[in-house]
């Protein structure tokens, strides 16, 4: 696309919520045809869409592994591990995070789909709320995702830990 058209296409992609239409438009933009400021905007738009993709991936993992273990061995994790053998990472962690995002941390999956939090933020939330029951974990997610300013992963972890302690001080103390 000519530089002016690329800038217009980028502008339209940025106006859209992350998803297939935004991805299609972003794929048509040549970063080299953009001015410096627009290149930053392109990077941010791709990051928002990558977050949306991660939320869709979590739903697919739960479709394979199920929302909860069906037996003590949780054999469904093996299906995920085999399917993603060349992707690295931990099938156990992938399944646990996906189940949390499609269960008590659904509000975090929605924020991930909108590009408001990163996969790292979602993982931190899942890890830190692990000792809580589902209701308390959902409450923590709601509290920390309540429209605050963007936070680094370290700042986010501290906020989640404070919310976990507030939600269940006894269990948080036992888990520490």
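In our numbering, the protein residues as written are -11 to 164. Here a beta-carbon is modelled for each residue, glycine too, at the ideal position from N, C-alpha and C.
Alpha carbon of residue 100 to alpha carbon of residue 36, nearest angstrom: Indexing the chain shown from 1 puts residue 100 at position 112. Indexing the chain shown from 1 puts residue 36 at position 48. Those two C-alpha atoms are separated by around 8 Å.
Residue from 128, 147, 132 whose Cα sits closest to the Cα of residue 156: Here the question's residue 156 lines up with position 168 in the chain shown. If we check each option's Cα against that of residue 156, 128 comes out closest.
Nearest to residue 50 (by Cα), restricted to the options 39, 41, 65, 38: For the purposes of this step, residue 50 is identified with residue 62 of the chain shown, where counting begins at 1. Answer by Cα proximity: 65.
Extent of the continuous alpha helix (DSSP H) to which residue 120 belongs: Taking the first residue of the chain shown as 1, we reach residue 120 at position 132. First-last for residue 120: undefined, no H or E at that position.
Proximity of residue 105 and residue 145 at Cβ, strictly below 7 Å: Counted from its first residue, the chain shown places residue 105 at position 117. Counted from its first residue, the chain shown places residue 145 at position 157. Their beta carbons are not under 7 Å apart, which means residue 105 does not touch residue 145 by this criterion.
Beta-carbon proximity of residue 41 to residue 16, cut-off 7 Å: On the chain shown, residue 41 is found 53 positions in, with the first residue counted as 1. On the chain shown, residue 16 is found 28 positions in, with the first residue counted as 1. No. Outside cutoff.
Residue 25 classed as buried or exposed, judged by whether at least 16 other C-beta atoms fall within 10 angstroms: Your numbering for residue 25 matches position 37 in the chain shown. Exposed, because fewer than 16 other Cβ atoms sit within 10 Å of the Cβ of residue 25.
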